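Just below is one structure, and these are the notes that go with it.
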Amino acid sequence: MPLKVGQDMTFKERMYLIEIVKGLAITLKHALKNLVRPSRILTVEYPEQKKTVTSEYRGQHRLVRREDGSPRCVACMLCATNCPAGCITIVAAEHEDPAVEKYPLTYEIDELRCIFCGLCVEACPCDAIRMDTGIYDMANYSRESLRYKKDLLLQS
Amino acid sequence: MEYFITLAKIVFILTFQFGLMPLFIWLERKGSAYIQDRRGPNRAAILGFTLGGLFHVIADAVKMFVKEDSIPENASKILFSLAPAMVVIPALLTFAVIPFGNILVLGERVINLQAVSLNVGILYIFAISSMGVYGIFIAGWASNNKYSLLGGLRAAAQMISYEISLGLSIIGLLMIYQAIDLQVIVQKQGFLFGGIIPAWGVVVQPLGFILFIVAGFAEVNRTPFDLPEGESEIVAGYHTEYSSLKFAMFYMGEYINMVVMSALITTLFFGGWQVPFLFNDGFRFYSWFLALPPIVVTLLQVSSFALKVMFFCWFFVWTRWTLPRFRYDQLMRLGWKVMLPLALANIFITGILILLFG
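Sequence order for the protein chains is A and B.
The working numbering puts the first residue of the first sequence at 198, with every later residue one more than the last.
The working numbering puts the first residue of the second sequence at 91, with every later residue one more than the last.
This is how it looks when you write it as structure tokens:
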């Protein structure tokens, strides 16, 4: 129904009262409907209930492991270079295995800086970093604790 | 003994007002949620019981107590502190003359269930309730804040404009009942037209009722007339600068005002404590008769009054979440160009009808 302003209103609408009664009927209908069946209200009670996220959802990062348990990351720095927010810090070290060449001594993501664009995942040649954990509520009390270290990223 | 009875009545009235206020606030929050398809307050719990969010009112009160009580540096400190009290006290005082039950005869003793039996009842109500605007206006001025001042100005202009319609809208009622003592007005509403239709104010003065309820909404600054607060335009109006318990008192005053206005609507237009077909000795409908002891009759009457008041409390909530706010020129146009002529016409027509048929 288009909104009517000023001159467009008929006399009946200008009287207000009939329209007010109509409006009251609508709100009462909603109130009674929700009073009788509160389970129909669409609210998601957040801490207890959570919305399920799709598999494509870009949530908290995780580092993927090799079969032997060590990180797949070869510290090529493509993710850190690609990151528009500059939130990835990697310190590379030489790997014992001559076939691997490098591994990350530290791998740190500042989740407060991260804009969750997913470019690190796109850039990674080894599929070592993924954002498929589905975790989106990374709240904490200090900035330092939101600089996620390698161990934490490997855990999830 | 007389003192004890008066004291008991005062305690009852204060308990009624202060008891209904948290219920009202709860009703507002839960009702608004259900109207808007939300769940509303459901977190605050004592021993795991939430009682549908009723404890949120207590949690709010505790929060108000522990908040910092700040006074702006350039505010008029005495008036700033005085204003909240000047809103709450008239609101509490108004209830004194509203009857919550019939005159109860217990053996020798006659108890009028009305805190003060004033023969100028309705005039007292208008005299006291119009004091409320001073509190709001002083709050707006003393805050030394442009938004507060605008809110106070709006409140003053609005309340004065609508008080005229409020006063005039019940003149017709007073003409019909020939009384201004509220207890007498309620007693006269017990009359039954043709033995079926009760002579409630809304039956004999439908136009007066509509005018009174609209002006009443404006009088307690309630949506669609909540321009003095108008948060989308002037932050929070007259109580922008208030915090802590001073703000709580404004909040309380607003809700107590609404309880009083509900009680007034009930008393004047919905038969006050009257229950249809209930007389002093029991229910009577033509030849059918059910005798009841006087104490049961009184209890029925008091609960009837309380229920009607609660219905109008809900009505205040209900309209708030239905209607948007008026624009300021619309508000003034409605007040002076529609309500005032209609109220005068109502008096005129009522007068003619009384002359012809009275």
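Note that beta-carbon positions come from the ideal geometry of N, C-alpha and C, so glycine has one too.
This structure is a prediction, so every number in the text was calculated from the model and none was measured.
Is LYS230/A helix, strand or coil by DSSP?
If DSSP states are grouped into helix, strand and coil, LYS230/A belongs with the helices.
Report the three-state DSSP secondary structure of THR313/B (helix, strand or coil).
Assigned with DSSP and collapsed to three states, THR313/B falls in coil, not helix or strand.
Closer than 8 Å to chain A by CB, ARG129/B
The C-beta of ARG129/B comes closer than 8 Å to at least one C-beta of chain A.
Any Cβ of chain B within less than 8 Å of the Cβ of HIS258/A?
No, HIS258/A lies away from the interface with chain B (no Cβ there is under 8 Å from its Cβ).
PHE369/B to ILE223/A, Cα distance in whole Å?
Spanning the two alpha carbons is a distance of roughly 38 Å.
Interface residues of the stretch 290 to 302 of chain B facing chain A [CB-CB below 8 Å]:
Contact annotation: in the stretch 290 to 302 of chain B, residues whose CB is within less than 8 Å of a CB in chain A are ILE300.
Sufficient close CB pairs (3 or more, under 8 Å) joining the stretch 114 to 121 of chain B to the stretch 205 to 223 of chain A:
Result no; under three Cβ-Cβ pairs closer than 8 Å.
Mind pulling the chain B residues with CB within less than 7 Å of THR240/A?
Ordered by position in chain B, the residues that pass the 7 Å Cβ test against THR240/A are ARG128 and ARG129.
Report the CB separation of PHE50/B from GLY291/B in whole angstroms; it is logged as a contact under 8 Å.
Residue numbering for chain B in the displayed model covers 91 to 448; residue 50/B lies beyond these limits and cannot be assessed.
How many Å lie between LEU97/B and LEU432/B at the Cα?
Approximately 42 Å, taken between the alpha carbons.
Pick from GLU264/A, CYS270/A and GLY256/A: whose alpha carbon is nearest that of LYS323/A?
Rather than Lys, the amino acid found at residue 323/A in this sequence is Cys. Across the set GLU264/A, CYS270/A and GLY256/A, the C-alpha of CYS270/A shows the shortest separation from the C-alpha of CYS323/A.
Segments assigned beta strand (DSSP E), at least 3 residues, entirely inside the stretch 264 to 325 of chain A:
Qualifying beta strand (DSSP E) stretches, in chain order: 285 to 291 and 299 to 307.
Use the C-beta contact count for TRP81/B: other C-beta atoms within 10 angstroms, 16 or more gives buried, fewer gives exposed.
In the structure as shown, chain B begins at 91 and stops at 448. Residue 81/B is therefore absent and cannot be evaluated.
Is there at least one Cβ from chain A nearer than 8 Å to LEU413/B's Cβ?
Taking CB atoms only, LEU413/B has a neighbour in chain A less than 8 Å away.
When you compare only the Cα positions, how much space is there between LEU318/B and TYR418/B?
In the sequence under discussion, the amino acid at residue 318/B is Pro, which differs from the Leu named in the question. Each residue's CA atom was taken as its position, placing PRO318/B and TYR418/B some 10 Å apart.
Same chain only: Cβ atoms within 7 Å of PRO414/B, ignoring 5 sequence neighbours per side
If you ignore the 5 residues before and after PRO414/B, its C-beta comes within less than 7 Å of the C-beta of PRO314, all in its own chain and listed in chain order.
Exposed or buried, what is PRO296/B when buried is set at 16 or more other beta-carbons lying within 10 Å of its beta-carbon?
Exposed, since its Cβ has fewer than 16 Cβ neighbours within 10 Å.
Are the beta-carbon atoms belonging to ILE226/B and ALA245/B less than 8 Å from one another?
With contacts defined as CB atoms closer than 8 Å, ILE226/B and ALA245/B qualify as a contacting pair.
In whole angstroms, what separates the C-alpha of MET91/B from that of LEU194/B?
For MET91/B and LEU194/B, the distance between alpha carbons rounds to 15 Å.
Any chance the stretch 248 to 266 of chain B sits against the stretch 171 to 180 of chain B, with 3 or more Cβ pairs inside 8 Å?
Using a C-beta cut-off of 8 Å, the stretch 248 to 266 of chain B makes no contact with the stretch 171 to 180 of chain B, since fewer than three inter-stretch Cβ pairs fall below that distance.
Under 7 Å between beta-carbons, which chain B residues line up against LEU232/A? List them in chain order, please.
Taking a Cβ-Cβ cut-off of 7 Å, the neighbours of LEU232/A in chain B comprise TYR124, given in sequence order.
For SER352/B versus LYS157/B, is the C-beta spacing smaller than 8 Å?
Their beta carbons are not under 8 Å apart, which means SER352/B does not touch LYS157/B by this criterion.
Between TRP116/B and chain C, is there a C-beta pair that is closer than 8 Å?
In the displayed structure, chain C is absent; the protein chains listed are A and B.
Distance cutoff 8 Å, beta carbons only. Does ILE215/A sit that close to anything in chain B?
Chain B, which has no Cβ nearer than 8 Å to the Cβ of ILE215/A, makes this no.
Taking 8 Å as the threshold, find out whether the stretch 123 to 133 of chain B comes into contact with the stretch 195 to 209 of chain B through three or more Cβ pairs.
In this structure the stretch 123 to 133 of chain B does not lie against the stretch 195 to 209 of chain B, because fewer than three pairs of beta carbons, one per stretch, are closer than 8 Å.
State the CB to CB distance for the pair ILE228/B and ALA173/B, rounded to an integer number of angstroms; the pair is presumed to be in contact (CB under 8 Å).
Yes, ILE228/B and ALA173/B are in contact; Cβ-Cβ is about 4 Å, under 8 Å.
ALA435/B Cβ short of 7 Å to the ligand FMN heavy atom set
Among the ligands in the structure shown, none appear at all, so the ligand FMN cannot be discussed.
Can you tell which of GLU253/A, GLU308/A and GLU298/A has the C-alpha that lies nearest to the C-alpha of GLU319/A?
Measuring from the Cα of GLU319/A, the nearest candidate turns out to be GLU253/A.
Which residue or residues does DSSP assign as beta-bridge partners of VAL195/B?
According to DSSP, VAL195/B bridges with VAL200/B.
Within chain A, partners of TRP408/B - CB distance below 9 Å:
In chain order: LEU221, THR224, LEU225 and ALA228.
With a CB to CB cut of under 8 Å and the five nearest residues on each side skipped, what residues in its chain are close to ARG340/A?
Excluding positions up to five away in sequence, the list reads LEU309.
Which one or two residues does DSSP pair with TYR345/A in a beta bridge?
Per DSSP, ILE306/A.
Considering just the uninterrupted stretch of the alpha helix (DSSP H) at ALA338/B, what are its terminal residues?
Residues 334 to 359.
Taking only beta-carbon atoms, is GLY121/B less than 8 Å away from chain A?
It does: the Cβ of GLY121/B has a partner Cβ on chain A nearer than 8 Å.
Simplified DSSP state of ILE238/A, which is helix, strand or coil:
Coil, per DSSP.
Going straight from the alpha carbon of GLY306/B to that of THR356/B, what length do you get?
Rounded to whole angstroms, the separation of the alpha carbons of THR356/B and GLY306/B is 12 Å.
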